[in-house]
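Worksheet for the structure shown next.
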Amino acid sequence: MIECPACGGKVTQKKVDVERWWHGRLVIIEGVPAHVCQQCGEMYFNGDVASEMEKIKRAATVSGERFIQVPVRPYRPAHQA
Ligand SMILES: [Zn+2]
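Residue numbers are given in this note's numbering: position 36 of the sequence shown equals residue 69, and the series is strictly consecutive.
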């Protein structure tokens, strides 16, 4: 893949961290090979990479992994009428 199907920008191969939700938990998969558009930032994955990520996501409930805490806040504008 050389051109971004979304915007026609240049696409380069990169290792990225991918966020996926699985049973209400956020799973971050590190170092996933992706094609990233330099213009719009859109990420594209090969079919086998995508299915591998599905497997990793499903296995993510086992212990022994690193966990990070992420704050979740409701959107509440500071200037309310
Ligand atoms: Zn693009």
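Just so it is clear, CB atoms sit at the ideal spot from N, CA and C, and this is done for glycine as well.
Worksheet item: So does Gln72 have its beta carbon nearer than 7 Å to some heavy atom of ligand 1?
Response: Under cutoff, so the answer is yes.
Worksheet item: Counting pairs of Cβ atoms below 8 Å between the region 43 to 51 and the region 59 to 68, do you hit three or more?
Response: Contact holds: three or more Cβ-Cβ distances are below 8 Å.
Worksheet item: What separation, rounded to the nearest whole angstrom, lies between the Cα atoms of Val35 and Gln72?
Response: Note that residue 35 corresponds to Ile in the displayed sequence, not to Val. Their backbone Cα atoms lie some 12 Å apart in a straight line.
Worksheet item: CB Val69 to CB Thr45, shorter than 8 Å?
Response: Against a cut-off of 8 Å, the Cβ pair of Thr45 and Val69 comes out as a contact.
Discussion item. Just to confirm my understanding: we take Cys40, look at its own chain, exclude 5 residues before and 5 after, and list those with CB closer than 7 Å. What are they?
Written reply: Answer for Cys40: Cys70, Gln72 and Cys73, listed in chain order.
Worksheet entry | Reduced DSSP category for Val103 - H, G, I as helix; E, B as strand; rest coil | Residue state for Val103 is assigned as coil, using DSSP reduced to three classes.
Worksheet item: Taking the C-alpha atoms as reference points, what is the distance between Gln99 and Ala67?
Response: Contrary to the premise, residue 99 reads as Arg rather than Gln in this sequence. Going by the C-alpha atoms only, they are around 22 Å apart.
Worksheet item: Can you tell me whether DSSP reads Glu75 as helix, strand or coil?
Response: Three-state result, Glu75: coil.
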